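Step one of this worksheet: look at the structure below.
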Amino acid sequence: MSLLNNAYIPYGGYYSTPFCKWQGSLQHVNSIELGAKSSKQWFDSTGIDPNKALDYMYLGITVGQKSVFYGASWASSMMGASDVPGQTVMHACATSTTSLYNAAVSVEVGAMESAYCLLTDRCSNGPHTVWPDPKGPGGQVISENWNLDNMAADPSTGKSMLMTAEKVAAENGFTKEEADELTWRRYEQYKDAIKNDFAFQKRYMIPVEVSEGKRKTKVVAADEGVTETSMEALQGLSTTIENGIVSLGGQTHPADGNAGIMVTSKEYAKRLSTEPISIKIISYGYARAEKATMPAAPVPAVKMALNKAEVEIKDITTVKSHNPFIVNDLYLGKALNIDPFHFNNYGSSLVFGHPQAPTVGRLLIEAIEETVDKGGGYALVTGCAAGDNGAAIVLKIG
5 MSLLNNAYIP
15 YGGYYSTPFC
25 KWQGSLQHVN
35 SIELGAKSSK
45 QWFDSTGIDP
55 NKALDYMYLG
65 ITVGQKSVFY
75 GASWASSMMG
85 ASDVPGQTVM
95 HACATSTTSL
105 YNAAVSVEVG
115 AMESAYCLLT
125 DRCSNGPHTV
135 WPDPKGPGGQ
145 VISENWNLDN
155 MAADPSTGKS
165 MLMTAEKVAA
175 ENGFTKEEAD
185 ELTWRRYEQY
195 KDAIKNDFAF
205 QKRYMIPVEV
215 SEGKRKTKVV
225 AADEGVTETS
235 MEALQGLSTT
245 IENGIVSLGG
255 QTHPADGNAG
265 IMVTSKEYAK
275 RLSTEPISIK
285 IISYGYARAE
295 KATMPAAPVP
305 AVKMALNKAE
315 VEIKDITTVK
325 SHNPFIVNDL
335 YLGKALNIDP
345 FHFNNYGSSL
355 VFGHPQAPTV
365 GRLLIEAIEE
375 TVDKGGGYAL
385 VTGCAAGDNG
395 AAIVLKIG
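Quick note on our numbering: the sequence shown kicks off at 5 and runs consecutively.
Here it is as structure tokens:
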């Protein structure tokens with residue numbers, strides 16, 4: 005049966021750090037070490053002993069870091085769960101949803117009672133990999149910049165991510181005016197999350213302390229690198245390519261950060277929840293779209309997830325969409341016949357940045373909190389996953 009029945013997220017069983025724009029305050033910290041440090045800090049604050057509370061670890065990471073070979077087990081040891089085994093999950097921008105679903109299925113079938121998804125990445129100072137090429141002229145090596153080269157082109161098509169967005173925009177007749185209006189709406193929604201002294205974000209966001217030298221440290225307590233803009237400023241920006249609709253304002257920025265989410269059985273979630281609120285993982289959807297149409301890929305994944313959950317889009321209370329380009333949200337709204345101005349409340353990756361693995365994890369956490377505010381219901385969280393992949397997950401909250 006596609007519908008899950010015994011996989012839950014404890015209410016309050018999650019956190020996110022602030023996201024920092026690349027080459028910012030988190031640029032020099034190994035993301036696995038920072039993720040483990042943040043997780044330990046969060047577990048300490050909850051009074052939960054991770055070594056006793058967890059059976060397994062899923063480390064979601066997409067940008068290689070030193071010692072990633074040891075991945076999940078190294079992270080577990082650093083965060084105080086040295087007895088907890090685990091594995092590493094990599095699925096581009098869908099790493100969060102895929103990690104959560106792997107954990108949910110394992111709990112569902114009884115392979116474990118509790119799992120932890122540590123989702124972490126550092127786009128800053130990405131690694132450069134070199135492979136030998138014995139047949140190359142003069143022994144020339146094959147090299148790759150993990151971030152810049154892969155953002156520049158999908159090896160299957162040779163098309164950049166930006167070109168996939170412009171292709172979908174052209175095929176659907178979207179205009180720069182529509183893009184600017186919706187982009188400005190996304191900035192307004194983010195402002196709702198930081199008003200009243202960051203009241204919404206403080207429900208789940210924890211500060212991180214990083215070194216700025218041998219004797220100096222810095223506490224990062226809020227997102228770093230969010231652009232100050234206005235509708236007039238967005239309208240004044242030129243498109244990135246001639247005859248396109250996407251300006252620099254209508255696309256996200258690479259970032260650094262991490263998030264953690266527990267997945268447990270129903271009874272275990274009841275014991276761990278900070279309030280008597282149920283968060284049930286219902287279903288997961290996945291898809292590949294037409295080549296070089298990345299912003300379109302979430303739609304068939306959403307339809308699969310909704311079908312498995314036995315609900316329709318009209319039944320969904322909260323929608324959160326990873327939007328590396330504003331085209332993603334324009335297309336999602338059109339294809340699902342929903343108003344794009346009324347989803348992605350309280351923020352989205354277009355505004356607060358995209359550290360890859362933890363991005364959708366943070367969106368999911370925000371979806372939980374927004375749905376609680378609305379009195380419960382279904383939450384849908386979706387996003388593309390490089391090239392032409394998409395993924396989606398449905399939760400029932402209340």
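Even glycine gets a Cβ: it sits at the ideal position worked out from N, Cα and C. Values in this document were obtained by computation on a predicted structure and should not be read as measured data.
Cα-Cα separation, residue i to residue j
{"i": "residue 44", "j": "residue 84", "result": "7 Å"}
{"i": "residue 17", "j": "residue 141", "result": "54 Å"}
{"i": "residue 317", "j": "residue 145", "result": "50 Å"}
{"i": "residue 227", "j": "residue 252", "result": "19 Å"}
{"i": "residue 293", "j": "residue 321", "result": "26 Å"}
{"i": "residue 222", "j": "residue 263", "result": "19 Å"}
{"i": "residue 365", "j": "residue 46", "result": "16 Å"}
{"i": "residue 108", "j": "residue 172", "result": "33 Å"}
{"i": "residue 113", "j": "residue 310", "result": "21 Å"}
{"i": "residue 80", "j": "residue 234", "result": "43 Å"}
{"i": "residue 5", "j": "residue 239", "result": "The predicted model places residue 5 with a pLDDT of 45, which falls under 50 and marks its position as unreliable, so this point remains unresolved."}
{"i": "residue 385", "j": "residue 397", "result": "5 Å"}
{"i": "residue 390", "j": "residue 218", "result": "38 Å"}
{"i": "residue 319", "j": "residue 101", "result": "21 Å"}
{"i": "residue 105", "j": "residue 27", "result": "31 Å"}
For residue i, three-class secondary structure by DSSP
{"i": "residue 126", "result": "strand"}
{"i": "residue 299", "result": "helix"}
{"i": "residue 256", "result": "coil"}
{"i": "residue 172", "result": "helix"}
{"i": "residue 375", "result": "helix"}
{"i": "residue 283", "result": "strand"}
{"i": "residue 219", "result": "coil"}
{"i": "residue 228", "result": "strand"}
{"i": "residue 262", "result": "strand"}
{"i": "residue 1", "result": "Here the chain covers residues 5 to 402 and nothing more, so residue 1 does not appear."}
{"i": "residue 7", "result": "coil"}
{"i": "residue 57", "result": "helix"}
{"i": "residue 365", "result": "helix"}
{"i": "residue 49", "result": "helix"}
{"i": "residue 241", "result": "coil"}
{"i": "residue 309", "result": "helix"}
{"i": "residue 317", "result": "helix"}
Terminal residues of the alpha helix (DSSP H) in which residue i lies
{"i": "residue 104", "result": "99–112"}
{"i": "residue 82", "result": "75–82"}
{"i": "residue 187", "result": "180–202"}
{"i": "residue 353", "result": "353–356"}
{"i": "residue 331", "result": "330–340"}
{"i": "residue 156", "result": "152–156"}
{"i": "residue 30", "result": "Run containing residue 30: none; DSSP gives neither H nor E here."}
{"i": "residue 207", "result": "No alpha helix (DSSP H) holds residue 207; DSSP gives it neither H nor E."}
{"i": "residue 272", "result": "270–276"}
Residues bridged to residue i (per DSSP)
{"i": "residue 135", "result": "146"}
{"i": "residue 394", "result": "291, 388"}
{"i": "residue 63", "result": "92, 122"}
{"i": "residue 251", "result": "243"}
{"i": "residue 3", "result": "Outside the displayed range of the chain (5 to 402) lies residue 3, so it cannot be described from this structure."}
{"i": "residue 399", "result": "285, 383"}
Continuous beta strand (DSSP E) stretch holding residue i: start and end
{"i": "residue 18", "result": "18–20"}
{"i": "residue 323", "result": "320–325"}
#### Entry: Any 3 or more C-beta pairs closer than 8 Å across the segment 304–311 and the segment 177–193
Flag = no, the segment 304–311 and the segment 177–193 do not touch.
### Message
With three or more C-beta pairs closer than 8 Å as the rule, is the segment 318–326 touching the segment 345–361?
### Response
Yes, since at least three Cβ pairs between the segment 345–361 and the segment 318–326 fall closer than 8 Å, the two stretches touch.
### Query
Counting pairs of beta carbons, one from the segment 288–302 and one from the segment 58–65, are three or more of them closer than 8 Å?
No: the two stretches stay apart, fewer than three of their Cβ pairs being nearer than 8 Å.
### Query
Are the segment 80–97 and the segment 236–244 touching, with three or more C-beta to C-beta distances below 8 Å?
No, because fewer than three Cβ pairs between the segment 80–97 and the segment 236–244 fall closer than 8 Å, the two stretches do not touch.
### the segment 268–282 touching the segment 118–134, judged by at least three CB pairs closer than 8 Å
Yes, since at least three Cβ pairs between the segment 268–282 and the segment 118–134 fall closer than 8 Å, the two stretches touch.
### Message
I'd like to know if the segment 202–217 and the segment 363–380 are in contact, where contact means that at least 3 CB-CB pairs between them fall below 8 Å.
### Response
Counting C-beta pairs closer than 8 Å gives three or more between the segment 202–217 and the segment 363–380, which meets the contact rule.
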